[in-house]
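In this note's numbering, the protein residues as written are 1 to 101.
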């Protein structure tokens, strides 16, 4: 029974991978769009990496926290392009796409 459960879990884990971003969707992504809009258009990424958080103190005493995330949609056999998007404070700041060799 445990072996069957383990096999079922592995199959489901493989099926849960995100799909690569099709070109028709990729050309609609742009710097300045909100992270929520990005996810709604492109779907959930394969990987999300939280980058550094920086805090800065302004002259009037307010503290500003900046956070950066990198979201990646991996290539597959049907669509050989990996897309990487950098999001700073919830806003897209960089979009890159590279062909899988």
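Glycine included, C-beta positions come from ideal geometry on N, C-alpha and C.
Note that the structure is predicted; figures quoted are calculated from it, not measured.
List the whole-angstrom C-beta distance separating residue 69 from residue 50, where the pair is believed to meet the contact cut-off of C-beta under 8 Å. Start at 1 with the first residue of the chain shown, and residue 69 comes out as number 69. Start at 1 with the first residue of the chain shown, and residue 50 comes out as number 50. Contact holds; Cβ gap of about 6 Å.
Does the segment 75-91 come within contact of the segment 29-42, defined as at least 3 CB pairs closer than 8 Å? Proximity of the segment 75-91 to the segment 29-42 meets the contact definition, three or more beta-carbon pairs being nearer than 8 Å.
Residues near residue 44 by beta carbon distance below 6 Å, same chain, minus five either side: Counting from 1 along the chain shown, the entry for residue 44 is found at position 44. Excluding residues within five positions, the ones whose Cβ falls inside 6 Å are 18.
What does a CB cutoff of less than 6 Å around residue 56 pick up in its chain, not counting 5 residues either side in sequence? Residue numbering aside, residue 56 sits at position 56 when the chain shown is read from its first letter. So the list reads 64, once near-sequence residues are dropped.
Examine the ligand HEM and report whether any of its heavy atoms sits within less than 7 Å of the Cβ of residue 91. What this structure holds is no ligand at all, so the ligand HEM is not there to describe.
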